[in-house]
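Below is one structure, written out as structure tokens; comments come after it.
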Amino acid sequence: MDQNLAYLREVLSNYTEENEAIRDIANSLVQQNYTSEKDFVEALDPEKVQMLSQLINKEMHHANESGDHERGYQLNEVYELLY
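Each number in my numbering comes from the position in the sequence shown (counting from 1) with 35 added on.
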């Protein structure tokens, strides 16, 4: 799995219990075994893109605030493909 997607999967795992749509995205990420973040993003419907965009934005902010710049960078790589 692409490193950026591995970071995303880890982030999504924090939200799967509370949000069914996030759980669906996370399951798709694991089951489809996407080779790149581009392939993953292209498979998302517009609602999931918007939800994921908001979540990644929040998580990038948290990563940068806590000094985890590598995580912020990896998440940003996926975030940029959402638009």
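Virtual Cβ for every residue (Gly too), placed ideally from N, Cα, C. Computed from a predicted model, the values in this text were never measured in an experiment.
Top-ranked residue by Cα proximity to residue i, from the options
i	options	result
TYR34	ASP103, ASN92, HIS97	Because the chain in this structure spans residues 36 to 118, residue 34 falls outside the shown range and cannot be described.
TYR50	LEU110, HIS97, GLN66, LEU90	LEU90
GLU94	LEU110, GLN38, GLU105	LEU110
GLN85	ARG58, TYR114, HIS96	TYR114
LEU87	ASP103, GLU72, GLN67	GLU72
Under the three-state DSSP convention, the category residue i falls into
i	result
GLU112	helix
SER101	coil
TYR69	coil
Proximity of residue i and residue j at Cβ, strictly below 8 angstroms
i	j	result
LEU47	ILE60	yes
7 angstroms CB neighbourhood of residue i in its chain, flanking five on each side removed
i	result
ASN54	none
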